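These protein sequence lines map, in sequence, to chains E and P. Everything in the first sequence is counted per this note's numbering, starting at 1 for the first residue and increasing by one. Everything in the second sequence is counted per this note's numbering, starting at 175 for the first residue and increasing by one. Cβ atoms here follow ideal geometry from the backbone N, Cα and C, with glycine treated the same way. Being a predicted model, the structure only gives us computed values, none of them experimental. The next block holds one structure in the form of structure tokens; read it before the comments.
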Amino acid sequence: MTRPSLEDQLVAEVPSLRAFARSLAQDQATADDLVQETILKAWSKLESFEEGTNLRAWLFTILRNTFFSMKRKVRREVEDVDGVHAANLVEIPRQEGAMELAQFRKGLASLPDDQREALVLVGAAGFTYEEAAAICGCAVGTMKSRINRARGRLSSILGLDGEAPLPEKDVASR
Amino acid sequence: MGKPSKNSERERSYEARDQIERNLKRVYEETAEEPLPERLAELLERLKRQGKA
Numbered sequence: 001m002t003r004p005s006l007e008d009q010l011v012a013e014v015p016s017l018r019a020f021a022r023s024l025a026q027d028q029a030t031a032d033d034l035v036q037e038t039i040l041k042a043w044s045k046l047e048s049f050e051e052g053t054n055l056r057a058w059l060f061t062i063l064r065n066t067f068f069s070m071k072r073k074v075r076r077e078v079e080d081v082d083g084v085h086a087a088n089l090v091e092i093p094r095q096e097g098a099m100e101l102a103q104f105r106k107g108l109a110s111l112p113d114d115q116r117e118a119l120v121l122v123g124a125a126g127f128t129y130e131e132a133a134a135i136c137g138c139a140v141g142t143m144k145s146r147i148n149r150a151r152g153r154l155s156s157i158l159g160l161d162g163e164a165p166l167p168e169k170d171v172a173s174r
Numbered sequence: 175m176g177k178p179s180k181n182s183e184r185e186r187s188y189e190a191r192d193q194i195e196r197n198l199k200r201v202y203e204e205t206a207e208e209p210l211p212e213r214l215a216e217l218l219e220r221l222k223r224q225g226k227a
């Protein structure tokens, strides 16, 4: 059986890259801009990619670095300046549990970038702590502590810690 | 009413963690399963046609 080419492997990762980009950038258009940038950068560097190393982690690293440099450049917080963010979050429930999921999205969106990306990389994208730490350029211990803080914060926001959920103005101001 | 026992606190924390992981995966998979927007699909097609960089 022949191994898929690097190009094919890259194409196969695009849906996951979109999901990761959406968790970072939150609005769909910016997330897809990020994915587009990532594809272009990765494609142009594929020849220098060392086969046998982790292509997926490499792509995620390009995407998160692109996100943070874009953010530094624009110097704009993902706050609800133009209502785009809120429009994405306030979805009409389409199925059972959709309301709970909408709450969850809102809580996730309120986490600091470093905690949110840590949680998504390990909890959803399936990276190990070590891989996620390498992607984010931090120590494994830092990655673990970001995830713990993210879980704790989400638990409070969603009222999963046995306390009443935080009022929305408190969530927004965090 | 006394303080909640350490066991019940631990149990609650595991439940919270499970619920967070479940929702996190749902949110992530929902996006990953969406069809690719046209502009990305077109970009990939164009790059594939061009072959390696």
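Please confirm whether residue i has its beta-carbon closer than 7 Å to some beta-carbon of chain E.
i, result
"P:E216", "no"
"P:K180", "no"
"P:Y188", "no"
"P:P211", "yes"
"P:E185", "no"
"P:E219", "no"
"P:R196", "no"
"P:R223", "no"
Would residue i and residue j be called neighbours here (beta carbons separated by less than 7 Å)?
i, j, result
"P:A206", "E:A19", "yes"
"E:L34", "E:L63", "yes"
"E:L154", "E:G107", "yes"
"P:A215", "E:L160", "no"
"E:L7", "E:L59", "Here residue 7 of chain E is Glu; the residue named in the question, Leu, does not match the sequence. Result no, Cβ atoms of E:E7 and E:L59 do not sit closer than 7 Å."
"E:C42", "E:L10", "The displayed chain sequence assigns Ala, not Cys, to residue 42 of chain E. In contact: E:A42 and E:L10 (Cβ atoms closer than 7 Å)."
"E:T66", "E:T38", "yes"
By Cβ distance, which residues of its chain are closer than 8 Å to residue i, with the 5 residues on each side in sequence left out?
i, result
"E:A57", "F127, E131, A134, I135"
"E:S150", "The sequence given here has Ala at residue 150 of chain E, not Ser. Once the five neighbours on either side are set aside, the close Cβ partners of E:A150 are L111, Q115, R116, A118, L119."
"E:S23", "L108, R116, E117, V120, A124"
"E:L158", "Q103, F104, G107, P165"
"E:G52", "none"
Express the C-alpha separation of residue j and residue i in angstroms, rounding to a whole number.
i, j, result
"E:L111", "P:V201", "15 Å"
"E:Q103", "P:G225", "44 Å"
"P:N197", "E:L101", "7 Å"
"P:Q193", "P:R223", "44 Å"
"P:R220", "E:R72", "30 Å"
"E:M70", "E:G137", "17 Å"
"P:E212", "P:Y188", "41 Å"
"E:P15", "E:F49", "21 Å"
"P:K199", "E:Q36", "23 Å"
"E:R146", "E:S156", "15 Å"
"P:L210", "P:E183", "43 Å"
"E:S44", "E:N148", "37 Å"
"E:D27", "P:E203", "16 Å"
Using a Cβ cut-off of 7 Å (strictly closer), state whether residue i contacts chain P.
i, result
"E:G126", "no"
"E:R153", "no"
"E:G123", "yes"
"E:F104", "yes"
"E:P15", "yes"
"E:L59", "no"
"E:D32", "yes"
"E:V11", "yes"
"E:R22", "yes"
"E:A19", "yes"
"E:L63", "no"
Between which residues of its own chain and residue i is the CB-CB distance below 7 Å, once the five residues before and five after are set aside?
i, result
"E:V140", "Y129, E130, A133"
"E:L89", "Residue placement at E:L89 is flagged as unreliable, the pLDDT there being 46, under the threshold of 50; a coordinate-derived value is accordingly withheld."
"E:A25", "A31, L34, F67"
At a cut-off of 6 Å, is residue i close to the ligand HEM when judged by its beta-carbon and the heavy atoms of the ligand?
i, result
"E:R153", "Looking at this structure, you won't find the ligand HEM or any other ligand, since it has none at all."
Spatial neighbours of residue i within its chain, please: CB distance less than 6 Å, with the 5 preceding and 5 following residues excluded, ordered by chain position.
i, result
"E:D113", "none"
Note down, in chain order, all residues in the region 34-45 of chain E with a beta-carbon under 9 Å from any beta-carbon belonging to chain P. Within the region 34-45 of chain E, the qualifying residues are V35, Q36, I39, L40, W43, S44, K45.
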